[in-house]
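Residue numbers (the UniProt record's numbering): 1 to 480. Where a beta carbon is used, it is the ideal one built from N, C-alpha and C, also for glycine. Note that the coordinates shown come from a computational prediction; the quantities given were computed from them, not determined experimentally. First the structure, in the form of C-alpha cells, and then the observations on it.
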C-alpha cells in the first residue's frame with residue numbers, strides 16, 4: 001500500500017511504470033540520476049534493505065550541501081522517507097545550507113498529502129528562517145505553527161529566542177521566555193535561557209544576566225556549561241576577575257567540566273589582571289587534565305608573556321605549541337614579533353617574520369608594519385623597501401603606522417626625496433598625516449643635515465600636512 005501511495009504522489013515516476021524496479025531505493029536511484037552520485041545510488045538500490053536508510057540520508061545531505069538539489073528531488077525525498085527522523089535529515093540539511101525555499105515547498109507538499117511534520121522538522125525550518133530570512137518571517141511562522149496546532153516543543157521556542165538574541169532583540173526574547181511560563185505547556189530548558197544570558201553579557205548588562213541566571217536556578221532549570229561560560233566570559237570582559245573566578249569554582253564543584261572557551265576566558269582575564277601565576281596554573285591544568293588548549297588559549301598566554309616582557313618564555317611556549325601539534329597563527333606571530341621589536345631584538349624579529357612566510361602564514365598589516373618599523377630602527381631602509389614591495393604584492397593596504405615607520409626610516413638614512421615621496425603617496429591614498437608624521441619631518445628639519453633644497457620641500461610638506469589634518473603648532477610643540 002505504501003508503495004502505491006508513493007507512486008501516485010511523488011513526481012517524476014514515469015520510468016517506474018515502464019517495467020523498472022518500483023522499490024523505494026530504485027526511486028532514489030532515479031532521483032539522483034542527474035547527479036555525480038548516480039552509480040553509487042543505483043548500486044545501493046539493489047543491495048540495501050528498507051531499514052538501512054543511512055546511505056540515502058547521506059546522499060541527500062551531500063546534494064543539499066552542494067546546492068544542486070532541485071525542487072522535484074526535494075519533494076521526492078520529502079514524501080518518500082519512511083520515518084519522521086529521516087524526513088528531519090532533509091529539512092535540517094536544506095535549512096542549514098540556505099535552501100529554506102525548498103524547505104517550505106516540501107512542508108507544503110507534506111501537509112497537502114495529509115502527513116504531519118514533527119517538532120524537530122519544524123524546528124529545523126524555523127532555524128533556517130531565523131538565520132537566512134527575517135525575524136518577522138520567523139515570528140509569523142511560529143504564530144502559524146501555534147495557530148494550526150502543529151507539533152512544537154521547548155526547542156521551538158529556544159530557536160526563536162536564539163534568533164531574537166542574535167538580532168539584538170533581548171527584550172522580545174525575555175517576553176517569549178515569560179510567555180512560556182504563563183502558557184504552561186512547555187517548561188523552559190537551558191537552551192531558552194542561554195541565548196539571553198549570552199546577549200546580556202555581550203551588551204555588558206552583567207547584573208541583569210546574573211539576575212536571570214539566579215531566576216533560572218530558582219525555577220529548577222539547571223544551568224549547563226554554556227550558561228556558566230557566557231557569564232564567566234561576561235564577568236571577565238568587565239574586568240570582574242574575582243567574581244569570574246568564584247563562578248568558575250562553583251561550576252567545577254557542581255560537576256560541570258570547563259571547556260576550552262571557559263578556560264580561555266579565565267586565563268585571558270587572569271593575564272589582563274596581572275595574575276600571571278593564576279593564568280599559568282589554569283593553563284597547565286588544561287594541558288594535564290584537559291581539555292587541551294587550542295590556538296586561542298596558547299595565543300592568549302603567549303601574548304600575556306610578551307606584554308610582561310617575558311619574550312624568552314614566550315618563544316619557549318611557541319616551541320611547546322609546535323611540539324604538541326598546535327600551529328601558530330598570524331596573531332601568535334604578531335605578539336612575538338612585536339615583543340622582540342620592543343626589546344630591540346630586531347634580527348630575531350625579522351628571522352621570525354621570514355619563518356612565518358616559510359610556513360605559509362599570511363602576514364597582515366600589523367605584521368608588516370612591525371617588521372618595517374624594526375628594519376627602519378636598524379637603518380636597514382633597503383630591506384624595509386623589500387618588505388613594502390611584498391606588502392604591495394599581497395594587496396595589503398598601508399595604514400598611517402606603516403607610512404610613519406617608512407618616513408621615519410627614510411629620514412634616519414637621509415633619504416629626503418623618498419621621505420617626501422612617501423608623504424605625497426599617503427595623501428593620494430587617502431591616509432591623512434597625523435602629529436607623529438609631522439614631528440618626524442620636523443625632527444629631520446631641526447637636525448641640520450638636510451640640504452637647502454630638501455629643507456624647503458620638507459618644510460612645505462609640514463605646512464601642507466598641518467592644513468590637511470587641522471594640526472596646530474601648539475599640538476606639535478606639546479607633544480614634542
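- The alpha helix (DSSP H) spanning residue 393 covers which residue range? 381 to 393
- Item | Proximity winner among 348, 407, 342, 363, relative to residue 332 (alpha-carbon distances) | 363
- For residue 361, the three-state DSSP class (helix, strand or coil): coil
- Query: Expressed to the nearest angstrom, what Euclidean distance is found between the alpha-carbon atoms of residue 424 and residue 316?
  - Reply: 43 Å
- Query: Where does residue 196 fall in DSSP's three states?
  - Reply: helix
- Item | Rounded separation between residue 491 and residue 349 - CA only | Shown here, the chain extends from 1 to 480; a query on residue 491 therefore has no answer.
- Query: First and last residue of the alpha helix (DSSP H) that includes residue 319?
  - Reply: 311 to 323
- CA nearest to the CA of residue 514, picked from 429, 470, 417: Past the boundaries of the shown model lies residue 514; the chain is included only from 1 to 480, so the question cannot be answered.
- Are residue 236 and residue 272 closer than 9 Å when you measure CB to CB? yes
- Message: If the criterion is Cβ atoms closer than 9 Å, does the pair residue 154 and residue 187 meet it?
- Response: yes
- Message: Whole angstroms are fine: how far does the CA of residue 295 sit from the CA of residue 327?
- Response: 7 Å
- Query: Whole-angstrom Cβ separation of residue 227 and residue 197, contact assumed at under 8 Å?
  - Reply: 6 Å
- Message: Please classify residue 279 as buried or exposed, where buried requires at least 16 neighbouring CB atoms within 10 angstroms.
- Response: buried
- Task: Jot down the residue ranges of each uninterrupted alpha helix (DSSP H) in the UniProt repeat "PPR" (259 to 293), minimum 4 residues, whole runs only, in chain order.
- Result: 260 to 272, 276 to 289
- Measure the beta-carbon distance from residue 558 to residue 232 and round it to whole angstroms, keeping in mind my assumption that it falls under 8 Å. Look at the range of the chain in this structure, 1 to 480, and you will see that residue 558 is not part of it.
- Hey, could you find the ends of the alpha helix (DSSP H) residue 189 is sitting in? Careful: residue 189 lies outside any alpha helix (DSSP H) and carries neither H nor E.
- Query: Applying the criterion that 16 or more other CB atoms from any shown protein chain within 10 Å of the CB defines a buried residue, is residue 451 buried or exposed?
  - Reply: exposed
- Looking at C-alpha atoms only, which residue of 145, 151, 104, 156 is the closest neighbour of residue 133? 104
- Message: So, with DSSP's three-state summary, where would you put residue 454?
- Response: helix
- Item | Within 9 Å, strictly: CB atoms of residue 173 and residue 190 | no
- Task: Please classify residue 254: is it buried, with 16 or more other beta-carbons within 10 angstroms of its beta-carbon, or exposed?
- Result: exposed
- Item | Cβ-Cβ separation, residue 365 to residue 402 (assumed contact under 8 Å), whole Å | 7 Å
- Item | Spatial distance of residue 421 from residue 388 (CA atoms) | 14 Å
- Terminal residues of the continuous alpha helix (DSSP H) containing residue 481? Within the shown structure, residues of the chain are numbered from 1 to 480, placing residue 481 beyond reach of any answer.
- Rounded straight-line distance, which links the Cα of residue 282 to that of residue 262: 11 Å
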